[in-house]
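Numbering-wise, the sequence shown is residues 1413 to 1553 according to my numbering. Okay, structure first, notes after.
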Amino acid sequence: MAERSKAYSIFRYKCPHCHEGEFFVDRNPYHLSTAGDLLEACPVCHRKYTPEPGFYYGGMYVAYALAVALGTSIFVATIVLWPSAPVAAKAGLVCLGIIGLAPWMYAISKTIWANLFMSYKGVAITEKERLRAEQRQSVRA
Ligand SMILES: [Zn+2]
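Have a look at this one:
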């Protein structure tokens, strides 16, 4: 997986800005007490992960889409691989799959949502960010 690709940032839980720093407090989404907890900012490039309060509520839509895709995939797989199974067994397998992968889908939905709105900038501060920081300082002065 190319290090600058969004897929790298999404599936390795890396900073959407520099693809080097960690995104979550705990990399394992199955540690449920810290599942989905983000760091305040990237430990490598120091850019913030939350551009505005409530930013990650949009990740719910991504998680919903992932759950529907997973449930549909499991249901179709049971139809193909186990056609004689009762519908209740197929629905049970769908539920098991969705519940079993829920922590992973929760984490991945946040990294997908972040990568939809944050682009790769590298570790060093960009010219645009430097100018914006200067403008903020001149407004305050
Ligand atoms: Zn970073």
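Heads up, the beta-carbon is just placed ideally off N, CA and C, and yes, glycines get one too.
Closer than 6 Å: residue i CB and nearest ligand 1 heavy atom
i: G1534; result: no
i: V1456; result: yes
i: H1443; result: no
i: C1507; result: no
i: G1512; result: no
i: G1554; result: Any answer about residue 1554 is impossible in this case: the structure gives the chain only from 1413 up to 1553.
i: G1471; result: no
i: G1483; result: no
i: G1433; result: yes
Beta-carbon proximity list for residue i, same chain, < 8 Å, skipping 5 on both sides
i: D1438; result: T1446, A1447, D1449
Nearest-angstrom beta carbon gap, residue j and residue i [assumed within contact, 8 Å]
i: F1436; j: A1519; result: 7 Å
i: M1564; j: P1428; result: Within the shown structure, residues of the chain are numbered from 1413 to 1553, placing residue 1564 beyond reach of any answer.
i: T1490; j: A1497; result: 6 Å
Residue i versus the options, residue with shortest Cα-Cα distance
i: H1458; options: A1536, K1540, L1505, L1543; result: A1536
i: Y1473; options: K1522, K1533, A1414; result: K1522
i: T1538; options: C1430, Y1476, V1480; result: C1430
i: I1511; options: Y1476, Y1468, G1466, K1426; result: Y1476
Own chain partners of residue i with C-beta closer than 6 Å, once the 5 adjacent residues on each side are dropped
i: K1460; result: A1453
i: Y1532; result: R1416
i: A1526; result: P1428
i: A1470; result: For the sequence presented, residue 1470 should be read as Gly rather than Ala. Result list for G1470: W1525, in chain order.
Beta-carbon spacing of residue i, residue j below 7 Å
i: L1528; j: G1509; result: no
i: G1433; j: P1455; result: yes
Neighbourhood of residue i by C-beta distance below 7 Å, restricted to the same chain and skipping five residues each side
i: F1487; result: K1502, V1506
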